[in-house]
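Visitor:
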Amino acid sequence: MKQLKSLLPAALLTLCAGLPSVSSAADLTISCGAVGAELQLCKEAVEAWSKQTGNHVEVVSTPNSATERLSFYQQILSAQSTDIDIIQIDMVWPGMLAKHLLDLREVLPANATQGYFQAQVDNATVNGRLVTMPWFTDSGLLYYRKDLLEKYNKPVPQTWEEMTATARDVQQAERSAGHPNLWGYIFQGRAYEGLTCNALEWISSQAQGGLVNPQGDIVVNSPASRAALNLAKSWVGDISPRGVLNYTEEEGRGVFQSGNALFMRNWPYVWALVQSQDSAVKDQVGVAALPRGGETGNHASTLGGWGLAVSRYSAHPQLAAELVSYLTSAQQQKHRALIGAYNPVIESLYQDPELLAAMPYYAQLHSILNDGVMRPAAITADRYPRVSNAFFDRVHGVLAGELPVDQALAELESELTRIKRRNW
1 MKQLKSLLPA ALLTLCAGLP SVSSAADLTI SCGAVGAELQ LCKEAVEAWS KQTGNHVEVV
61 STPNSATERL SFYQQILSAQ STDIDIIQID MVWPGMLAKH LLDLREVLPA NATQGYFQAQ
121 VDNATVNGRL VTMPWFTDSG LLYYRKDLLE KYNKPVPQTW EEMTATARDV QQAERSAGHP
181 NLWGYIFQGR AYEGLTCNAL EWISSQAQGG LVNPQGDIVV NSPASRAALN LAKSWVGDIS
241 PRGVLNYTEE EGRGVFQSGN ALFMRNWPYV WALVQSQDSA VKDQVGVAAL PRGGETGNHA
301 STLGGWGLAV SRYSAHPQLA AELVSYLTSA QQQKHRALIG AYNPVIESLY QDPELLAAMP
361 YYAQLHSILN DGVMRPAAIT ADRYPRVSNA FFDRVHGVLA GELPVDQALA ELESELTRIK
421 RRNW
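All the letters of the sequence shown, read from the start, carry residue numbers 1 to 424 under full-length UniProt numbering.
(1) Between which residues of its own chain and R226 is the CB-CB distance below 8 Å, once the five residues before and five after are set aside?
(2) Report yes or no: do the region 74-82 and the region 361-369 share at least 3 C-beta pairs separated by less than 8 Å?
(3) If you follow the beta strand (DSSP E) that N266 is part of, which residue opens it and which one closes it?
(4) Could you check what DSSP says for I218 in three-state terms: helix, strand or coil?
(5) Curious, which full-length beta strand (DSSP E) runs of at least 3 residues does the region 166-242 contain?
(6) Keeping to the same chain, check which residues put their C-beta closer than 7 Å to that of R242; ignore five residues upstream and five downstream.
(7) In its own chain, which residues sit with a C-beta less than 6 Å from the C-beta of G297, not counting the 5 before and 5 after it?
(8) If you draw a straight line from the alpha carbon of R383 to that of R253, how long is it in whole angstroms?
(9) Quick check for students: name the residue ranges of the alpha helix (DSSP H) that lie wholly in the region 317-385, counting only runs of 4 or more.
(10) Look at the Cβ atom of L308, then the Cβ atom of L28, and state whether they are nearer than 8 Å.
(11) If we ignore side chains and look at the alpha-carbon of each, how far apart do T67 and L41 end up?
(12) Tell me the DSSP secondary structure of T417 in three-state form.
(13) Just how far apart, CA to CA, sit V345 and K51?
(14) Using the rule of at least 16 other Cβ atoms within 10 Å of the residue's Cβ for burial, across every protein chain shown, is I339 buried or exposed?
(15) Which residues does DSSP pair with H299 in a beta bridge?
(16) Decide if the region 70-77 is in contact with the region 42-49; the criterion is three or more beta carbon pairs, one per stretch, under 8 Å apart.
(17) Exposed or buried, what is N123 when buried is set at 16 or more other beta-carbons lying within 10 Å of its beta-carbon?
(18) Tell me the start and end of each unbroken beta strand (DSSP E) in the region 51-113 that is at least 3 residues and wholly inside, in chain order.
(19) Around the Cβ of A363, are there at least 16 other Cβ atoms within 10 angstroms (buried) or fewer (exposed)?
(20) With L403 as the anchor, note down where its alpha helix (DSSP H) starts and where it stops.
(21) Would you kindly work out how many angstroms separate the C-alpha atoms of R105 and P353, rounded to a whole number?
(22) Just to confirm, are T159 and G294 a CB contact at a threshold of 8 Å?
(23) Closest by CA to T113, which one among V126, L97, M133 and G128?
(24) Return the CA-CA distance between E251 and W183, expressed in angstroms with no decimal places.
(25) Using three-state DSSP, classify A34 as helix, strand or coil.
(26) Start and end of the beta strand (DSSP E) containing W135?
(27) Would you mind sorting P157 into buried or exposed? The rule is 16 or more other CB atoms within 10 Å of its CB.
(28) Just to confirm, are W135 and W306 a CB contact at a threshold of 8 Å?
(29) Which residue marks the beginning of the alpha helix (DSSP H) containing K151, and which one marks its end?
(30) Considering only C-alpha positions, which residue in the set A191, L149, F187 and Q188 is nearest to Q171?
(31) Checking the sheet assignment: what are the DSSP bridge partners for S311?
(32) By Cβ distance, which residues of its chain are closer than 7 Å to R394, with the 5 residues on each side in sequence left out?
(33) Determine the closest residue to Q257 out of Y247, N246, S276 and T248, with distance taken between C-alpha atoms.
(34) Which whole-angstrom value is the C-beta distance of A320 and I76, which I expect to be below 8 Å?
(35) Given M374, which residues of its chain have a CB within under 7 Å of its CB, disregarding the five upstream and five downstream residues?
(36) Taking a contact to mean a Cβ-Cβ separation below 8 Å, would you say V131 touches L101 in this structure?
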């Protein structure tokens, strides 16, 4: 893989609609993964496109950590370096990086995003500019033990209140039956971005709930947030272990996959792992939408995922956009889903018979993605990390019993107002 040799500024390329295609072979660089299957799948697709077009493409090595990768991109782009043409970006980064990224509407066909989940396209669009092409997505899911719900004649819960009651009943019954390590509900409770995702789901599932609305208004200090956080606080030490306050995705998966939890909130990647041969819960797991916040609430799942963007400083913007179009095509998205379990952003693929046979939960995932909630990264732009930090810090304080809910929400509203100033 190519190692970057310079960070020298390059002249900004002025682009117009209808930019002509490059007819001769050219060199491109792309960052599309760091390690493992993600990197290998990208390299294979890039090599296939290179053979078809005669262009040479090198894969740029980047840090595996998302935080370190963002810092690396910011360094490269701030220097207006031509070293990278295409970068893979987290869906919370478009607002932070938008000024350095090409408007793909200028170089791709008008129907380039037709059939994509609209929420993904909206998130990839900053001030009317499509700065990244959605590539694959994630969504928070409720994993549950089918065998235990059947054993106690309990339905899949539709509200958080139902989930809480079912978790408590089954946990108590199983412990009485000789399973002392069973917990009712496992989630990501450490003070990090994963808790932002969980807590955003809790408050957004309530009627009128939210953090920062699409217009940029701070709406978190509300009865909806109060109800959601009071309920979540009640879980810790009751249906969730106090250790959940330090759980990320993998710690929680370990508890659930070893057979020690009834319900778990996690991402779709967990499906293949809990169905593996060495899983204690193989063939005993179901997947559902996360519960609603009461009878008048909504199913709300935080969306994750990644997209591909073209640097404004690329020497070959049209050609780079053509490679992005190839990598994000329906054919490539289906292949990546089958081989690497990367969830497509094209809606019709969730009705594909081959994909449904391999991932039965896709039948439910389609509607879950349509009900997805975006973190307010596009509207808050480069201030989003501070918004998220303020949010998960206060929520963690509530869960740990260190902050009363009312105080946490008032402090959060005040801090977000300072971060926003006159406007985002």
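No residue lacks a Cβ here, since even glycine has one placed at the ideal position from N, Cα and C. Predicted, not measured: the structure shown is a model, and the values here were computed from it.
Guide: Taking the geometry as given:
(1) Result list for R226: V405, D406 and L409, in chain order.
(2) no
(3) Unbroken beta strand (DSSP E) run through N266: A261 to N266.
(4) strand
(5) 183-186, all fully within the region 166-242.
(6) V236
(7) S205, Q206 and A207
(8) About 31 Å.
(9) 317-327, 330-340, 353-358, 362-370 and 377-380
(10) no
(11) 22 Å
(12) Here T417 sits in helix by DSSP.
(13) Near 26 Å, if we compare the C-alpha coordinates of K51 and V345.
(14) With a 10 Å radius around the Cβ and a threshold of 16 neighbouring Cβ atoms, I339 comes out exposed.
(15) R292
(16) no
(17) With 16 or more neighbouring CB atoms inside 10 Å of its own CB, N123 falls in the buried class.
(18) 56-59 and 86-90
(19) exposed
(20) Unbroken run through L403: none, as it is neither H nor E.
(21) 32 Å
(22) yes
(23) M133
(24) 14 Å
(25) coil
(26) Per DSSP, W135 belongs to the beta strand (DSSP E) from M133 to S139.
(27) It counts as buried.
(28) yes
(29) K146 to K151
(30) L149
(31) L101
(32) L403, A408, E411 and L412
(33) S276
(34) I76 and A320 do not touch by the CB rule: their CB atoms are close to 14 Å apart, not below 8 Å.
(35) A119, N123 and L303
(36) yes
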